[in-house]
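Taking the working numbering, I'd label the letters of the sequence shown as residues -18 to 242. Glycine included, every Cβ here is placed at the ideal spot set by N, Cα and C. Quick notes on the structure that follows.
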Amino acid sequence: MGGLKKPVIAGNWKMHKTISEARILAEEVVRKSPEVSTATLILIPPFTAIAEVKKVVAGSQLLVGAQNLFWEDQGPFTGEISPVQLKEAGCQVVIIGHSERRQHFGETDETVRKKVLAALRHDLIPVVCTGETLEQREKGQTLPVIKNQLEQSVFSMEADKFEKIILAYEPIWAIGTGRHATPEQAEEVQSFIRNLIAERYGKIVADYAIILYGGSVKPDNSFSLMKEKDVDGFLIGGASLEAESFVAIAREAIRAYEGKK
Ligand code: PGA
C-alpha cells in the first residue's frame, strides 16, 4: 500500500460561506496550496458557490466537490440538484450519505446506494460517509453498524464501480463536537473496513481503497490520526473554514504519510 496513495484532504464547508466569502477562502487555499502539493486537496462548498470556487481553482491541482446530489439526471424534483448539473458546474467529487443528511433529511443506505450509482454514471467521485452514534458505540455495536451500512449501500456494487469510491469513517459523536476519535479508535474501525473490502473485493482493491477519517479533525490531532495505517486522509468540517487550519492539516498529514511509506 505504501507509496501508492497521496493523502486526500477534503474540506466540507457545509452550509457556510456566501459566494463572495467562498471566493476569498478558495483564493487563500490556492495561494497556500504549493506548500502541500503532495496531497490531493478537495474544496466542497455549498451548491451556490461551486461555480465560483471552480473559477478560483482553475489551473491549480485542487478538486471541487458538492455535498449531496439527487440520483435523476433531470425532472420534476423541486429543490434537488442532479449529477449532470454538478458536472457542468465543475465538480469532480460529491459527498454522499453524510450523517447530517441521514439525521435531518431522511437519507438511508438505499438512497446512498442510488446516489453513488448516479454519481459514478457521470464520473463524479463519491465520498461515502459511514459512522456510528454515541449510543451505538456505547452498546458495543460500532463494527456491526458500519458493516451493515456498507453492505446495504456500496458492497452490492461490482468491483469496477466500488474501486472509484472514497469512503469516509465519521463517528457521529465526533462531528462538530471537538471530541475526535483517538487514533486507535479510528484505526480499529478503518482497518475493519479495509478487511471487509478485502473479503468482498480482494486484497488489491482493499489496498488501493481510500478511507478518510472525519470528526473534529484539527491541525493538532491530524498527525497522530494520519500515522495510523488505514487512515488515508481527512474529511474536515469546521477546520476547513479557515485556509490556515485546512492547509496546516494537509501539512501534518503529509508529514505523517511520509513516515509510513
Ligand atoms: P467537523 O465535521 O470536522 O466539524 O467535526 C466533519 C464532517 O462533518 O465532515
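To the nearest whole angstrom, what separates the beta carbons of residue i and residue j, a pair I think is in contact under 8 angstroms?
{"i": "residue 77", "j": "residue 108", "result": "7 angstroms"}
{"i": "residue 0", "j": "residue 30", "result": "5 angstroms"}
The alpha helix (DSSP H) spanning residue i covers which residue range?
{"i": "residue 127", "result": "123 to 134"}
{"i": "residue 240", "result": "224 to 241"}
{"i": "residue 206", "result": "200 to 207"}
{"i": "residue 187", "result": "184 to 189"}
Taking residue i as the reference, give the member of the options with the closest Cα.
{"i": "residue 189", "options": "170, 33, 203 and 210", "result": "210"}
{"i": "residue 42", "options": "32, 14 and 25", "result": "14"}
{"i": "residue 124", "options": "157, 167 and 142", "result": "167"}
{"i": "residue 243", "options": "159, 62 and 147", "result": "No information on residue 243 is available, as it lies outside the stretch -18 to 242 that the chain covers here."}
{"i": "residue 241", "options": "65, 204, 223 and 227", "result": "204"}
{"i": "residue 70", "options": "58, 25 and 84", "result": "25"}
Once you ignore the five residues that flank residue i on each side, which residues in its own chain have a CB closer than 6 angstroms to its CB?
{"i": "residue 36", "result": "none"}
{"i": "residue 199", "result": "220"}
{"i": "residue 232", "result": "17"}
{"i": "residue 61", "result": "51"}
I'd like the list of long-range same chain contacts for residue i, defined as Cβ closer than 7 angstroms, with 5 residues on each side in sequence excluded.
{"i": "residue 88", "result": "78 and 82"}
{"i": "residue 187", "result": "175, 178 and 179"}
{"i": "residue 126", "result": "113 and 117"}
{"i": "residue 63", "result": "50, 51, 53, 54 and 55"}
{"i": "residue 160", "result": "154 and 197"}
Leaving out five residues before and five after residue i in sequence, what residues of the same chain have Cβ atoms less than 8 angstroms from its Cβ?
{"i": "residue 137", "result": "94"}
{"i": "residue 226", "result": "199, 200 and 220"}
What is the residue span of the beta strand (DSSP E) that residue i lies within?
{"i": "residue -9", "result": "-11 to -7"}
{"i": "residue 215", "result": "214 to 217"}
{"i": "residue 62", "result": "Here residue 62 belongs to no beta strand (DSSP E), and DSSP marks it neither H nor E."}
Establish whether the CB of residue i and some CB of chain D are separated by less than 9 angstroms.
{"i": "residue 144", "result": "In the displayed structure, chain D is absent; only one protein chain is listed."}
Q.
Extract the residue ranges of the beta strand (DSSP E) inside the region 0 to 38, only unbroken runs of 3 or more that lie entirely within it.
A. 21 to 25
Q) Which ranges would you report for the alpha helix (DSSP H) in the region 90 to 169 if only whole runs of at least 4 residues count? A) 90 to 102, 115 to 119, 123 to 134 and 140 to 143
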